[in-house]
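When you line the sequence shown up against the UniProt record's numbering, it's residues 1 to 101, in that order.
Cβ atoms here follow ideal geometry from the backbone N, Cα and C, with glycine treated the same way.
Computed from a predicted structure; not experimentally measured.
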Amino acid sequence: MEEQEFKRLLMEIGATTMPFGKYGPDNYPPNGLPIDELPWDYLHWFTEKGGGFPKGRLGELLEIVYHAKGDGADAIFAVNRSARGGRRPQRKPRQKDFRFD
Numbered sequence: 001m002e003e004q005e006f007k008r009l010l011m012e013i014g015a016t017t018m019p020f021g022k023y024g025p026d027n028y029p030p031n032g033l034p035i036d037e038l039p040w041d042y043l044h045w046f047t048e049k050g051g052g053f054p055k056g057r058l059g060e061l062l063e064i065v066y067h068a069k070g071d072g073a074d075a076i077f078a079v080n081r082s083a084r085g086g087r088r089p090q091r092k093p094r095q096k097d098f099r100f101d
């Protein structure tokens with residue numbers, strides 16, 4: 001794979017968000033979590049219990065992210081994350097104060 005082709009692939013991965021499921025728009029509005037921020041365990045679920053990755057370009061991109069993270073190359077997505085201003089929090093905000101009446 002040529003360098004320019006690889007850069008375009010990384011840009012496409014960075015621009016693609018999860019359109020359904022736990023990390024989709026219902027839980028991460030407005031568009032869902034970017035696929036390069038999906039946890040490896042979630043991606044691994046597709047291979048073990050989910051019946052494989054979705055068909056089409058989304059499935060191809062998810063598989064690339066899965067293999068990159070599985071091989072320890074998660075740092076290649078750092079450029080995408082820094083362009084977006086860092087990782088999106090995956091935990092819901094905790095209650096900071098408690099009122100006892």
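If you ignore the 5 residues before and after lysine 49, its C-beta comes within less than 8 Å of no other C-beta in its own chain. Rounded to whole angstroms, the separation of the alpha carbons of glycine 72 and threonine 17 is 21 Å. In the structure shown, threonine 17 falls within a strand segment according to DSSP collapsed to helix, strand and coil. In this structure, the alpha-carbon of isoleucine 13 lies about 38 Å from that of aspartate 97. Glutamate 63 sits close to phenylalanine 53, with the two beta carbons spaced by under 8 Å.
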